[in-house]
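A.B. asks: Residue numbers (our numbering), protein chains in the order written: chain V, 1 to 382; chain Z, 1001 to 1382; chain E, 2001 to 2382; chain H, 3001 to 3382. I have a structure I would like to understand better, so I am pasting it below and will then ask my questions one at a time.
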């Protein structure tokens, strides 16, 4: 029995994303044949008690309370950043300089400047890097990417994508503090633009190529909320909703929209693409289904097909159960961890890299700018 | 401009079915090229006031209050029976003897004996005849029939069909009387077996061939109801629910179920057929859609396709609007009227004929018998 | 039996809309209790043969080949304009001046100037008028309007609406000429903006109030097509696709999109509205269903409800069949005809009036302007 | 940090169910607060290499090749039987006699006699026991059970349940041998009746109480197949399809159907229940959704609600991610493992126990008997 090489992981953050990443590292090697075995060496959090609780639950061997100490450890190969957005750039740059591989939650930076510095850092250090745009690894989306790459859609005319939530509608919800930093612009950078639209944009550019120009609108529906840290009612500085029209380099038109005020939708990330010969659509509420329309089908029998993406010949699925048995949200992270480690074993980069993360930030920045200027804004060239 | 031949119609009954038939006669020639122009000569009902109101609304030229008088009229070519089940046999037989064409609401008879006598009568008289099993003319169902006839499904393994309603759940609903004769076994013959399962069975034998044996169960959930005609609480003698398992001559197995106690379903007539190479399903709540699965599709892209049956190359649809614009329930009667008149012009019989109606009654009788004996019962041979 | 007053109708145009209107006039009095009986007096078309064929099919008593002659007729009370967009203003204004009631297919005018002149004409003449924005009379949409008027949704945050078709994707499709005038900008005025978005906008302003400003994009994917009238390949001057972001007067944000290049969608008119307390959505491909989410439902049992809008207590439905049995596209016109005649009997105006049609044209004009300027454009005040 | 008590597990079998169980033991303590920590002590399989590979993948500390040796080990608290049906009784009885807790894959026995002996064995030994009818722990099904227990449905009229697959349609599929023992009646006991209907029946009796009598039909569509172990074409002795009608003790009627010949369905386990006041339905292809109809809703707004069972107040879901993010098939086993261990900590029995497994076997035996006799058969009393 061959002894596998170890991939020693130090994670920063113990929140929602800390859980999804830890689960991914634990599960990936049980379902995918990997050359490296992830070892959960240490979790870092300012609060030692919480770090200890998290370590115990997930099996981390140790804790740190200062991310710099984590980076200094010789027994760690990879730094995984699962902490709020305002920490991404600083930690990633330091980790890269220390020669660690760097995985980072999305969005890469709060700004293009931050993201560019991160790209430069991993580039100079020559270290493997990845942004956790996990939805590329929904099997239905990976399948869609394959179908597009095979040229089945012909010329693309339209793309549309939404991310609809409803969890901030109540006026009583405070901003900032524990579990609510996504409402605090200083930490989050922006509201739904960076939090939700970033997913839409990463997916869109992966599937449909570069976005070249945008016109956008943002809105903050509830203007003031109590701030959990200060205890005072303060202006809300994030965007509650954000929508934009755009043109892709391939000539297609698109409509994007994200909000946390769409009553009845919890995490409705939708994608639709219309080509000359075929169309497809998908949404996160039934992530195991891909809807596909093929104009080449016999006329009388044309229709939208609901493909239950659970067969052995669907991306990733032979590693799971049997046809008809669906997987869920967490598996997208497991797939991403598996792909990263597979690529590592083969000396390849696994996408999305920091460079891909920067490409998304360029669009979100153009969106936020257009929302202010009321003009069409070009997306900065790579 | 060619003058069309007239097809002079006398209808018996002014209820729900009187309306659907009258509408069909009026609309058919506006949307389909027909050699005959239906003329609404007379409506017959015992209550003269109601007959007059109905005639005025639908444009009947005259009224009758005795169906024998209607049959005696020389200016009438066709008798359409839209009155309750207990009147079907007597009127149809007399009309046939008088040399009239006969159209009859379903079920043909309350019993096989009644139905057989009706078949014999139209046979002896040599008059065109039709039973209003309207759902064969849902375009999605006509399309399914075509697909089956083309052999696309291969060997058939399974058939299943339901008709689920919920309108008799209340204990307060009386039985019998105005608008409620379907609860009165003397008039209706049976409950859901003749009223609803008859539709399922007609469709099934049309699509999948003869049913050879059945085992059934029926139930009357509410044992007593006030009778509207007597004013007394009386035992309910109809079946509230009826289900059966059966074997078709082609070797396939089937499950049928009808009830008026399926809370939440108004008129959920469903059909599903599973063949070696393909499957299809449909339901009346979205009657303009056919769901189709083809095993010959490319593996990764197999799935259930929802065909929006509104294109010009779909059955009947070129006569209506443009693709994507759905038709509704009443159109099934219009199609049936149009097909009858088209066949008439060509000297053909239009299905379902009385003989087809008898074939359905043979199965419903076997179902009701099995529900009593607790045995498998053979369907009487034609 | 009371003799009903007659409403004598002269129609201009014998195309798709000529059929839907004629059917509506014939069917409305059979299903709705109306004080006036529509009488199809005359159809006007330049081609006498076609006019005669149309008259014969629908039962028009006579034909005209010059709309001015039609308007001059004393025996006609109402002019119904079902001819291409470039004829609307001239005919409507002349008809109004002649004291006729005027019904007009949408869009009202090709421009705001045309529409305003039409509003002025019917205003000066004091004649009843109506624009055929038929989708307001989809029962599901009428129900939605009632729910909104009852205040069930609370503050509105989002509105979104699409109209997706795919019938012009082929390069081989010519522009202009018989059945294709919608591709000819001289006749149609614009492409999908006036043809499709006009429906979205009329519905939106009816449901959610005035739109105040827009930013838009349009695209013509196929730049040249053979022109059926000239026989030459000519530039395509209409918009193939049109999308806009907007703000409503009530503070809600919206996204609109229409196209004829969305492969797989035939007539996918969608509406969604998100309020603080409830949300609803609908689409034309299953027009008999309203999806509704109510935040006041018990937590564990919150979900999107699919309301099958076929019950007797749903708008218009008691006039049709029984619960569970759906109606179709043509019924929206029947309802509109019935409502117009009902209002006439009661001395009221039935919406949408020409004034409502102008309000839609104001938005489409702002959309087309913004698509050119790349700026946000205000919608002109009423 | 409290040291948790260990629960030392020995598993028999390394196939599909070996994987789902092992994953459940590993994942349960990461997501649920459990008093015991499962320790994967040993996996037992006749083939040592396979056992070793399985142990390495899942982290079992050791292997055994004889299940008797496994049972003899003092360091093991619990025997988990994940091997084919023909091994269940012998292993379970021996394990119980040895004082081990016993978990067993479904169906409990191949016959009622086997199952009764197993119940007696765990009863005599007084050891905790469980059958892996995992689908009770689909959150949507657990929620449905709660709704039923709260009395929301009123009197129950109808129950229906299917399990539709299509993986054995090909004539080329051999029977028996590696991965195909489900086609070998000697090992499996029966075909779809024990494999699939057992799930339907366990769920049904849990939700709707005891089944009292049945009438059934079974079919073997492909009569002969090559046997993988003998290399010869042999008669197929299992049932390919099985359907039955039944009465529940509560007076409701039901229809059940399972097959491996329903082209297009991979694992379509469906459940529907119709009560006087409410109805619900569910299927395994979208296991995270519960469809619910409540007659007490306001008339105009009645409809089937699709509840996305992913909120924090839904069963099990607060332990996973955030609202809108679905879980999958494997989680049902994790929930079952967690519930067993929670119950163990509290000195309670977790359902379904062996006694519940026996209750299911009683029904499957009646079904198979009825399919032979052509009679209604009573389910043997407990």
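Every residue, glycine too, gets a C-beta built ideally from N, C-alpha and C. Keep in mind that this is a model prediction, so the values were computed, not measured.
#1: What are the start and end residues of the beta strand (DSSP E) that includes residue 308 (chain V)?
#2: Excluding the 5 residues flanking residue 3084 (chain H) on each side, which residues of the same chain have their C-beta closer than 6 Å to its C-beta?
#3: At a CB distance below 8 Å, what residues from the stretch 3331-3348 of chain H approach chain V? Give them in sequence order.
#4: Indicate whether residue 3271 (chain H) and residue 3244 (chain H) have their beta-carbon atoms separated by less than 8 Å.
#5: Could you tell me which chain H residues have their CB closer than 8 Å to the CB of residue 1245 (chain Z), listed as they occur along the chain?
#6: So, is the C-beta of residue 3308 (chain H) closer than 8 Å to a C-beta in chain E?
#7: Distance check for residue 2128 (chain E) and residue 409 (chain V), CA to CA, integer angstroms please.
#8: Taking only three categories from DSSP, how would you classify residue 3010 (chain H)?
#9: Would a check of beta-carbon distances place residue 2169 (chain E) closer than 8 Å to chain V?
#10: For residue 1293 (chain Z), go through chain H and note every residue whose CB falls closer than 7 Å to its CB, in chain order.
#11: To the nearest angstrom, how far is the alpha carbon of residue 70 (chain V) from that of residue 1299 (chain Z)?
#12: Once DSSP output is grouped into helix, strand and coil, what is the label at residue 294 (chain V)?
#13: Does DSSP classify residue 1270 (chain Z) as helix, strand or coil?
#14: With a threshold of 6 Å on Cβ separation, who are the neighbours of residue 31 (chain V) within its own chain once the five nearest residues in sequence on each side are excluded?
#15: Would you say residue 3200 (chain H) faces chain Z, with C-beta separation under 8 Å as the test?
#16: Who are the near neighbours of residue 2125 (chain E) in its chain, counting only those whose CB is closer than 7 Å to its CB and skipping five residues on each side?
#17: Listed from N- to C-terminal order along the chain, which residues in the stretch 2316-2330 of chain E have their beta-carbon within a distance smaller than 9 Å of any beta-carbon of chain Z?
#18: Determine the DSSP secondary structure at residue 1067 (chain Z), reduced to helix, strand or coil.
#19: Counting pairs of Cβ atoms below 8 Å between the stretch 39-46 of chain V and the stretch 55-73 of chain V, do you hit three or more?
#20: Closer than 8 Å is the cut-off here; do at least three beta carbon pairs connect the stretch 2290-2298 of chain E with the stretch 259-277 of chain V?
#21: Please name the residues in the stretch 3044-3077 of chain H whose beta-carbon is closer than 9 Å to at least one beta-carbon of chain Z, in chain order.
#22: Pull up the CB-CB distance for residue 3259 (chain H) and residue 3241 (chain H), whole angstroms please, since I reckon it's below 8 Å.
#23: Residue 3239 (chain H) bridges to which residues according to DSSP?
#24: In chain Z, which residues lie with their C-beta within 8 Å of the C-beta of residue 2285 (chain E)?
#25: Closer than 8 Å, CB to CB, is residue 2303 (chain E) near chain B or not?
#26: Helix, strand or coil for residue 1169 (chain Z)? Go by DSSP, reduced to three states.
#27: Within 10 angstroms of its Cβ, does residue 235 (chain V) collect 16 or more other Cβ (buried), or is it exposed?
#28: May I ask you to report which of helix, strand or coil DSSP gives residue 3397 (chain H)?
#29: Report the neighbours of residue 3314 (chain H) on chain E: residues whose CB is nearer than 7 Å to its CB, in chain order.
#30: Closest to residue 3334 (chain H) by CA distance: which of H:3370, H:3276, H:3135, H:3355 is it?
#31: Where residue 341 (chain V) and residue 3165 (chain H) are concerned, what is the direct C-alpha to C-alpha distance, given to the nearest angstrom?
#32: In the DSSP assignment, find the alpha helix (DSSP H) that holds residue 1331 (chain Z) and state where it starts and stops.
#33: Indicate whether at least one CB of chain E lies closer than 8 Å to the CB of residue 3180 (chain H).
#34: Measuring only the C-alpha atoms, how far is residue 3155 (chain H) from residue 3275 (chain H)?
#35: Let me know if residue 1172 (chain Z) comes out buried or exposed under the rule of 16 or more other beta-carbons within 10 Å of its beta-carbon.
#36: By DSSP's criteria, residue 1158 (chain Z) is part of a beta bridge. Which residues make up the other side?
C.D. replies: The structure says:
#1: 304-308
#2: 3181, 3187
#3: 3331
#4: no
#5: 3215, 3216, 3217, 3243, 3244, 3245
#6: yes
#7: The question about residue 409 (chain V) has no answer, for chain V in this structure spans 1 to 382.
#8: strand
#9: yes
#10: 3263, 3264
#11: 48 Å
#12: strand
#13: strand
#14: 319
#15: no
#16: 2096, 2097, 2099
#17: 2320, 2321, 2322, 2323, 2324, 2325, 2326, 2327, 2328, 2329, 2330
#18: helix
#19: yes
#20: yes
#21: none
#22: 4 Å
#23: Its beta-bridge partners do not exist; DSSP assigns none.
#24: 1308, 1324, 1326
#25: The chain labelled as chain B is not found among the protein chains of the depicted structure, namely V, Z, E and H.
#26: coil
#27: exposed
#28: In the structure as shown, chain H begins at 3001 and stops at 3382. Residue 3397 (chain H) is therefore absent and cannot be evaluated.
#29: 2300
#30: H:3135
#31: 35 Å
#32: 1330-1345
#33: no
#34: 5 Å
#35: exposed
#36: Z:1253, Z:1274
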